[in-house]
Every structure is written in C-alpha cells, then in structure tokens.
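Residue numbers (the numbering used here): 4 to 655.
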C-alpha cells in the first residue's frame, strides 16, 4: 500500500566522522570524515552527485538565504558505533547490556565544550544560531556567510527541469571542530522529503472497495469470469482482520503486554482516536484501554500542501490499527513529524530516542537510495545507533515499487531501509483459509490485466507490472556482518566485489489484493465526513505488522528488549520458525480477481474488473532460502515462542 509513502531524507554523510570509522566499518558502512588539509576537514557527501560542471548555472547570489543544520558527532562516535554493534550481537559479552537515555547522552552526547566551540565557529563566520538540540545546531544566514563557514562556494545547478543551490565542492569545517561535527544538511536546496507510497489513493477523500469479495482466501470463486493460468480464480479478500493475521503469524497467547511500540509518520490524523476505537469494536479486536494510545506532536506543521498532509492521515491510521490488531495489549505512541522533510523525520526519531518512548519503532516511509545524500545517511545512522545502545529497534518498510526500474528508470533500493542499523521489512501476498488457517505466501509482486469489453477474456494477460515489494542490493552500504553466510553471494556482490547490504531482512503481508481492512474517517462524495472501511496493503502494512509481532516476541522473552533485532532475526534463519516464502507455493501461477469502483467509492460511474497475478515482482523473485523480496521469510508458528528464555537447569 502506498500512494504517498514516506520518502525521507535530507542529507547526511554516508560515512560519518573520523570517530565513527571503526564501528561503522564493523557493520559494513563506509567511513565518513576525511582530512582535506591540516586546516580543514572535509564533510564527505555534502556535494550532491547532480551538482556537475555541465549542470552549473553560476554562483548563487551572496544575499540569498541559507538554512542549515550542523549535526554533532558527540564525544565518542567511534565508541557509540562499536557499543551499538556489541549490545545487539548475541555472541558479545555486552549483549543486552542497554544504557538509559541519560547514560547515552552522558557517554556519547556532545559536550558543552563541543557545542560552544561549534557555535563560536558558526557565529564567527556570520551565521545566526537559531536552535541547539542534543543532535544539531541550526543556523541561518546569507550565502556568503555559509560559504565562509563551510569552505565552499554555493552555485545554482540544473536538476531535471528545475534549478537548485548546492556546494561547488565538498563542504569542510575547521580542523579545530571537525571531531565535534558529524555533517551538515541544508547547503543544497533540492527537496529532501519522504513519502508513503500507498498503492491506493490517499484517503483524504473517500475510497471504498467494490465486491464481490472473498471472506478468506478462496472462499468465493469468480466462476463467471475468464480463467487465469488455466483455472477459475477467487475474488480478492475483503480485507484480513487482526484475528486472521495473528493466526497466520503465530501470535498464540501473546498480546504484546507491557511492550511499547512507537510509530513515526508525518503530521497527525485528527480522528485517529475515534477511528482506532471504532475499528477495533467493528472488527473484533480488543478494545483500546485508557491511555494506551498516545501522540507526541510538533508545535506546528509546515509544508502541508507540498507534502499532501491529509494523505498521511491514512498512513497513521493503517499503522496504528495494524499494530493494535496484532498486538492488542501493546502501548502505542504515535510520533508525528512537522513535515515530510528529512530534518523533521530526524526530529521525530530523535524524540523517540532521547525520551526512550518505545523499544520497537515502526516506520512506513522512505525515498529511493539515489536521492539519499551521504550527509543524511550519517545523521540517520547516528540516531539508529543511539537507539540500539538503549535497546530500541527500528523497522522500515522496503518500498512498493519492486526494483524501482519502472518508477525511476534505475534498479535500486529504498532508504532508510538500506541502513545496516535497521530492520528492512519486505512484503508478501498472503493466503489465509477457512478457520484462519495459514495456507501459503508468495513474494508480493502484481501484474494486472483488465477484463475485455465482451467479458470473455483478459486483455493482454497477464498484463503489466503495477507494484511489488521493494528489495535488492544497496550501492552505498557495505555488507553487514549479520548477513554474511546467509545472503547469497550473488546478491551481496551484485554491485561490489566486496559485498553490500541486501534488502529486506524479514517480511509480512503487503499485497493490497490480499490486504488488511482499515477504518478511517473520510470525506464522502457528498462532502460530509464519515467513518468507512477499505482494504489496503503495501510494505507500509508489513512494517507495523512485523513491529507488532516483535512486540509479541518481546513479551515472550519476559519483557527484555530485543533492541536492534537483525542479529537475532538472522540467527534463526533456516529454521522452522519462518515460512520460507516462494513465488509459486502451490507449484503453479496464482491470481485473484478484483472488481473496483471506477470513481473509487460507488457504482455511479461503473465497475472495473481485473485479474491480479501474484508473485510477479519486477526483476525480483522470492525463491527457496533468503531472497531480496522476502528476506529470511515471514514469522511462522514457532517464531514468537522461540524468544522464550531457556529454562535454567537446577543444580543437584
């Protein structure tokens, strides 16, 4: 699901600063700060790749205004990365020895002396400090002051049909403060924003599904429609409920009790409490308890038109309802970003980390890797590391456009799912049968063909690729240790002989044709607002489902935080705790029939009938073993229970 899926970013150095090099390399992340000369150190990645000599339109006016953030490296960035790895690695003696938010700040945060030195340098350059946080110092000023501070001229460059400002060479900082500076964002003016790519229209205006439906997979066969792959096919499900998803992914008796889950998105739905409560009651989920749902919101929102703010309401609604449906006793905190820009998402994630709002964080937003600047990478990875040392794990949807070729023309993955410090969640098509029995899953990848005018065949069957789970091999992030000996060498080395990060790590239901039912207040066709329900999907669904399953696993573990869970997830690879998802689980091609309202909400303008093939994800394939559509697979019946502590043997 995703029509506006969050595509984040701003601009961070993929590497970080000299202090982070050792720890970063341990997870396969390139180093960040390189010395320019004895007087200044460069901030690698601060000159965008699109700022080429050919695209150069000349110097930016000295009087033009710049808003930038100087992210702070802290007092021991190298130690932070190393501890984040050790505390997450079950083979390490430091495993699970988490720190409190206060301890993290004391040990790894920027010192008062560092902050003072950075502020002095910035103000001496003619910039005005507008904000100081634990993570960054925000400044404003004219171009000439920014050029003096960061040792580079700022020019205007053509990027597509538009022109943006960017550094003419890599930015740098005085050697005297280089150890305190992680990176700078804001020197280039190109938009760095996230989206939540829903495969359905954003529900700021009414959207509803037409029938016929199946109540469970295969319950209603489309006998009057043409065959597909030599057989009659079922109608798409109306939308799975929490009861069906809990059964499919082995929830058992666990409900996420005493576990805190956070959700980050942009903006905030004004009807979320009503919608979540109504949905739970209507669909048989456990009623929300008083103070079980919280919101942490910014003082004000920005860029509401540019980011299509109302479109984000449906994302929050999906995430909140999906988490509660699978983990009904989990405490849920929604943290809204002030806009869809990377800096605001970094602020939202920073709130989670600085206040330890949860142990598990679901994030259904991203942007393609090619649009991600190395400077932003460094800022994001620092937040993920700060979370890891506290026992906080971040889960990111892998994308809804398969290998991205159809959408961008380039085979690539999405970010921040590509980070070696997060759990990337891929997507599947899920078949739950009668009695809530798990039948099978394929990798999510859809090809669509419409019913012919005479109703006797499918036009150009099986049709064109429309959407599918994001995945593939990163071009910028090195192979993390936990993927070695699990991810096939051909995947890991497809972009570099040294090996790179492959996405995703784990997966869950995503295909909107086998999707989840969501309830939300929408603007109806007559202009009134009313609650209604619709089926939806996408890895924006898979991420909160996996986050909720992880909440069940943490409960099974006796409440002990899972933290950055990838080492645990990969340690279970190849066992029966996962469904090993393949694209033809029944030995043949699969498809469902869909009937949709032409106008999206009623039959006034007619109906559209189509066949949707399953397991056809662009150039990606779900195969036996690890693959770049579903990762290690999906949680099976034994997954949650596998986290139960081993019983200690009594000495005689």
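We treat Cβ as the ideally placed atom computed from N, Cα and C, and that holds for glycine.
One alpha carbon belongs to residue 110, the other to residue 176, and they sit about 24 Å apart. Separation of residue 424 and residue 387 (C-alpha to C-alpha, rounded to the nearest whole angstrom) is 6 Å.
The residue from 487, 356, 534 with its alpha-carbon nearest to that of residue 281 is 534. Annotation: residue 304 to residue 316 spans about 14 Å, alpha carbon to alpha carbon. Here DSSP, grouped into helix, strand and coil, assigns residue 159 to strand. A distance below 7 Å separates the beta carbons of residue 468 and residue 621.
In this structure, residue 573 lies near residue 485, with their beta-carbon atoms less than 7 Å apart. The beta-carbon separation of residue 169 and residue 391, rounded to 32 Å, does not stay under the 8 Å limit for a contact. In the three-state scheme derived from DSSP, where H, G and I count as helix and E and B as strand, residue 444 is classed as strand.
Going by C-alpha positions, residue 451 is about 12 Å away from residue 618. Distances from the CA of residue 384 to each of 413, 243, 353 were compared; the closest alpha carbon is that of 353. At the C-beta level, residue 178 and residue 44 come within 7 Å of one another. Residues of the same chain with a CB within less than 6 Å of the CB of residue 341, apart from the 5 flanking positions on each side, are 301, 304, 305, 347 in chain order. In terms of Cβ geometry, residue 92 and residue 158 do not form a close pair [threshold 7 Å].
A check of alpha carbon separations from residue 599 across 192, 136, 129, 241 identifies 241 as the nearest. Residue 476 sits away from residue 586, with the two beta carbons spaced by 7 Å or more. DSSP lists 143 as the beta-bridge partner residues of residue 70. Apart from sequence neighbours up to five positions away, the residues of its chain that approach residue 260 with a beta-carbon distance below 8 Å are 332, 333, 558, ordered along the chain.
Taking the Cα positions, residue 546 is about 23 Å away from residue 211.
Sixteen is the threshold: since fewer than 16 other Cβ atoms of the shown chains lie within 10 Å of the Cβ of residue 608, the residue is exposed. Linking residue 412 to residue 422 through their CA atoms gives a straight-line distance of about 22 Å. If you draw a 10 Å sphere on the C-beta of residue 407, you find 16 or more other C-beta atoms in it, and that means buried. Residue burial is scored here from C-beta neighbours: residue 508 has at least 16 other C-beta atoms within 10 angstroms and is therefore classed as buried. Between the stretch 354-371 and the stretch 69-79 there are fewer than three C-beta pairs closer than 8 Å, too few to call the two in contact. One thing to note: residue 151 has its Cβ no nearer than 7 Å to the Cβ of residue 171.
Residue 51 counts as buried, since no fewer than 16 other beta carbons sit within 10 angstroms of its beta carbon.
The beta-carbon separation of residue 636 and residue 584, rounded to 5 Å, stays under the 8 Å limit for a contact.
The secondary-structure analysis by DSSP pairs residue 399 across a beta bridge with 366, 427. When secondary structure is reduced to three states using DSSP, residue 468 falls in the strand class.
Taking all protein chains shown into account, residue 232 has fewer than 16 neighbouring C-beta atoms within 10 Å of its C-beta and is therefore exposed. In its chain, beyond the 5 residues on either side, 573, 576, 629 have a beta carbon closer than 6 Å to the beta carbon of residue 489. Residue 265 is a Cβ neighbour of residue 364, given a cutoff of 7 Å. Of 161, 270, 426, the smallest CA-CA separation from residue 337 is found for 270. Taking C-alpha positions only, residue 162 is separated from residue 192 by approximately 11 Å. In the three-state reduction of the DSSP assignment, residue 339 falls in the strand class, which pools E and B. Here the alpha carbon of residue 550 sits roughly 45 Å from the alpha carbon of residue 56.
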